[in-house]
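**Q** Note that our numbering has the sequence shown beginning at 12, numbered continuously upward. For each residue, glycine too, the CB sits at the ideal point set by N, CA and C.
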Amino acid sequence: MHTIWKGSISFGLVNIPIKLHSATEDRDIKLRSLHKECHTPIKYEKVCPVCDKEIDHSDIVKGYEVTKGKFVVLEEDELNQIKEANAEKTVEILDFIKIDEIDPIFYDRSYFVSPNDGGKKAYTLLRKALLTSGKVGIAKITMRSKEQLSVVRVYENTLVMETIHYPDEVRTSKDVPNVPESDDISEKELETATMLIEQLTSEFQPENYHDEYRERLSQLIESKQTGEKVVTAKEKAPKENVTDLMAALQASIDSTKPEKKTAAKKKPAKKKTTAKKKAQ
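1. Since residue 159 is in the beta strand (DSSP E), which residue starts that stretch and which ends it?
2. Nearest-angstrom Cα distance between residue 171 and residue 31?
3. Quick check on residue 134: buried or exposed, where buried means 16 or more other Cβ atoms within 10 Å of its Cβ?
4. Under the assumption that residue 163 contacts residue 20 (Cβ atoms under 8 Å), give the Cβ distance between them as a whole number of angstroms.
5. Can you give the beta carbon distance from residue 181 to residue 232, rounded, assuming they're within the 8 Å contact cut?
6. Within 10 angstroms of its Cβ, does residue 22 collect 16 or more other Cβ (buried), or is it exposed?
7. Look at the alpha carbon of residue 155 and the alpha carbon of residue 149, and state the distance between them as a whole number of angstroms.
8. Can you tell which of 244, 209 and 225 has its C-alpha closest to the C-alpha of residue 39?
9. So for residue 235, helix, strand or coil by DSSP?
10. When DSSP labels each residue in this structure, what does residue 12 get in the three-state scheme?
11. List the residues that DSSP assigns as beta-bridge partners of residue 206.
12. Tell me the DSSP secondary structure of residue 119 in three-state form.
13. According to the Cβ coordinates, are residue 126 and residue 28 closer than 8 Å?
14. By how many angstroms is the C-alpha of residue 49 removed from the C-alpha of residue 61?
15. In the DSSP output, what is residue 169 paired with across the bridge?
16. With respect to the beta strand (DSSP E) encompassing residue 75, which residues constitute its N-terminal and C-terminal limits?
17. Could you tell me which residues DSSP puts in a beta bridge with residue 103?
18. Ignore the nearest five residues each way along the sequence and tell me which others in residue 94's own chain have a CB closer than 6 Å to its CB.
19. Nearest CA to the CA of residue 42: which residue from 35, 16, 229 and 238?
20. Whole angstroms is fine: what's the gap from residue 153's alpha carbon to residue 194's?
21. Output yes or no for whether 8 Å exceeds the beta carbon distance between residue 173 and residue 220.
22. Can you list, in chain order, the residues of its chain with a C-beta nearer than 6 Å to that of residue 138? Leave out the 5 residues immediately preceding and following it.
23. Going by the beta-carbon positions, is the gap between residue 74 and residue 85 smaller than 8 Å?
24. Within 10 Å of its beta-carbon, does residue 161 have 16 or more other beta-carbons around it, so buried, or fewer, so exposed?
25. Does the Cβ of residue 208 have 16 or more other Cβ atoms within 10 Å, making it buried, or fewer, making it exposed?
26. Quick one: residues in its chain with C-beta nearer than 7 Å to the C-beta of residue 56, no 5 flanking neighbours on either side, listed in chain order?
27. By DSSP, does residue 201 sit in helix, in strand, or in coil?
28. For residue 244, collect the residues of the same chain with a Cβ closer than 6 Å to its Cβ; drop the 5 residues on either side in sequence, then sort them by chain order.
29. Does residue 45 come out as helix, strand or coil in the three-state DSSP assignment?
30. Going by other Cβ atoms of all chains shown within 10 Å of its Cβ, with 16 needed for buried, is residue 264 buried or exposed?
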């Protein structure tokens with residue numbers, strides 16, 4: 012299992028060297044956007060709409076939009092200083108609480124925690140202490156340059172860390188529109204709805220639930236593939252150097268021209284008559 016983070020968990024004077032591994036994975040089927048005419052994957056480029064040219068990564072800076080169209084530019088070294096200040100690889104458990112005190116809306120992502128070299132005994136101690144107390148740990152961790160709250164708990168026989176949102180990251184339910192304030196429900200309606208809930212109540216067995224859309228999409232792709240309905244993207248023709256091509260054509264033309272005849276031989280010049288012989 013791929014390790015995405017290394018560090019340690021600390022609570023009190025106990026320090027546990029650990030590794031984090033992603034506990035979940037995105038199983039969505041990724042579809043590419045193709046050009047309808049030639050089935051070539053569409054390329055998305057970083058282009059400045061004002062300069063009307065493609066921008067290289069080295070020409071990009073980070074900025075925070077203060078008001079519409081106005082930004083505060085943050086230099087790379089300034090951002091690196093903040094990252095370094097929060098780069099300590101320690102998961103510090105701040106409190107222990109009962110897990111049912113955390114509403115599920117706070118949960119973000121889950122990670123399996125494994126002991127690193129020399130950390131097995133302390134790992135086992137924390138796991139057993141959490142099980143015995145029925146508590147979970149609330150901790151802070153810095154991952155991907157972001158400080159996050161997390162919950163350390165036991166899942167089956169493994170410690171799991173779940174990142175959770177800060178309170179100001181969870182929107183208030185009071186802002187949800189059109190929520191009825193009063194319960195205008197009759198006693199009979201409530202009894203019927205409650206009876207239906209009781210009839211449909213069962214133990215949670217996750218294996219009973221399937222992503223039907225993904226299954227149907229997989230079947231469609233497989234049927235097209237086995238039916239040889241597979242298209243091939245056209246390769247981009249290499250650009251020809253027009254200047255070199257024209258030069259080559261001109262050279263070819265020149266090489267096929269007959270050699271120019273040498274200038275016509277000049278008639279021999281008449282000998283200048285010598286001065287009349289002196290009279291004898």
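**A** With the given structure in hand:
1. As a first step, residue 159 must be located in the sequence shown, where it is residue number 148. First-last of the beta strand (DSSP E) with residue 159: 157-166.
2. Within the sequence shown, residue 171 is the residue found at index 160, counting from 1. Within the sequence shown, residue 31 is the residue found at index 20, counting from 1. Whole-angstrom Cα-Cα distance: 9 Å.
3. Here residue 134 is taken as the residue at index 123 of the sequence shown, counted from 1. By the 16-neighbour rule on beta-carbons within 10 angstroms, residue 134 is buried.
4. Numbered from 1 along the sequence shown, position 152 holds the residue referred to as residue 163. Numbered from 1 along the sequence shown, position 9 holds the residue referred to as residue 20. Confirmed, Cβ separation roughly 7 Å.
5. Position 170 of the sequence shown, counted from the start, is the residue given in the question as residue 181. Position 221 of the sequence shown, counted from the start, is the residue given in the question as residue 232. Wrong, their Cβ atoms sit about 38 Å apart, outside the cutoff.
6. Mapped onto the sequence shown, residue 22 falls at position 11. By the 10 Å Cβ count, residue 22 comes out buried.
7. Working through the sequence shown from its first residue, we reach residue 155 at position 144. Working through the sequence shown from its first residue, we reach residue 149 at position 138. Distance between the alpha carbons of residue 155 and residue 149 is about 19 Å.
8. Taking the sequence shown and counting its residues from 1, the one referred to as residue 39 is at position 28. The shortest Cα separation from residue 39 among 244, 209 and 225 belongs to 225.
9. By one-based count along the sequence shown, residue 235 stands at place 224. Helix, per DSSP.
10. Locating residue 12 in the sequence shown gives position 1, counting from the first residue. Three-state result, residue 12: coil.
11. For the purposes of this step, residue 206 is taken as residue 195 along the sequence shown, with counting starting at 1. Partner(s): none; residue 206 has no beta bridge.
12. Position 108 of the sequence shown holds residue 119. Annotated three-state conformation of residue 119 is strand, per DSSP.
13. Stepping through the sequence shown from its first residue, residue 126 is reached at position 115. Stepping through the sequence shown from its first residue, residue 28 is reached at position 17. A contact, by the Cβ cut-off of 8 Å.
14. Here residue 61 refers to the residue found at position 50 when the sequence shown is read from its first residue. Here residue 49 refers to the residue found at position 38 when the sequence shown is read from its first residue. About 30 Å.
15. Sequence index remark: in the sequence shown, residue 169 carries index 158 (1-based). According to DSSP, which records beta bridges pairwise, residue 169 is partnered with 166.
16. The sequence position of residue 75 within the sequence shown is 64, counting from 1. That run of the beta strand (DSSP E) goes 73-78.
17. Position 92 of the sequence shown, counting from 1, holds the residue named residue 103. Note: residue 103 sits in a beta bridge opposite 21 and 151.
18. Locating residue 94 in the sequence shown gives position 83, counting from the first residue. Result list for residue 94: 156, in chain order.
19. Locating residue 42 in the sequence shown gives position 31, where the first residue counts as 1. When each option's Cα is compared against that of residue 42, the closest is 229.
20. What you label residue 153 is simply residue 142 of the sequence shown in a count that begins at 1. What you label residue 194 is simply residue 183 of the sequence shown in a count that begins at 1. Near 44 Å, if we compare the C-alpha coordinates of residue 194 and residue 153.
21. Your numbering for residue 173 matches position 162 in the sequence shown. Your numbering for residue 220 matches position 209 in the sequence shown. Not a contact, by the Cβ cut-off of 8 Å.
22. To locate residue 138, count along the sequence shown from 1; it is residue 127. Cβ-Cβ distances below 6 Å link residue 138 to 165 and 170 in the same chain, with the five nearest sequence neighbours on each side left out; the list follows chain order.
23. Numbered from 1 along the sequence shown, position 63 holds the residue referred to as residue 74. Numbered from 1 along the sequence shown, position 74 holds the residue referred to as residue 85. In this structure, residue 74 places its C-beta atom within 8 Å of the C-beta atom of residue 85.
24. On the sequence shown, residue 161 is found 150 positions in, with the first residue counted as 1. Residue 161 should be labelled buried.
25. Here residue 208 refers to the residue found at position 197 when the sequence shown is read from its first residue. It counts as exposed.
26. Locating residue 56 in the sequence shown gives position 45, where the first residue counts as 1. Hits under 7 Å: 65.
27. Start at 1 with the first residue of the sequence shown, and residue 201 comes out as number 190. Here DSSP, grouped into helix, strand and coil, assigns residue 201 to helix.
28. Working through the sequence shown from its first residue, we reach residue 244 at position 233. Cβ contact annotation for residue 244 (same chain, cutoff 6 Å, sequence separation greater than five): 50 and 51, in chain order.
29. If you number the sequence shown from 1, residue 45 lands on position 34. Assignment of residue 45 by DSSP, reduced to helix, strand and coil, places it in the strand class.
30. Taking the first residue of the sequence shown as 1, we reach residue 264 at position 253. Exposed is the call here.
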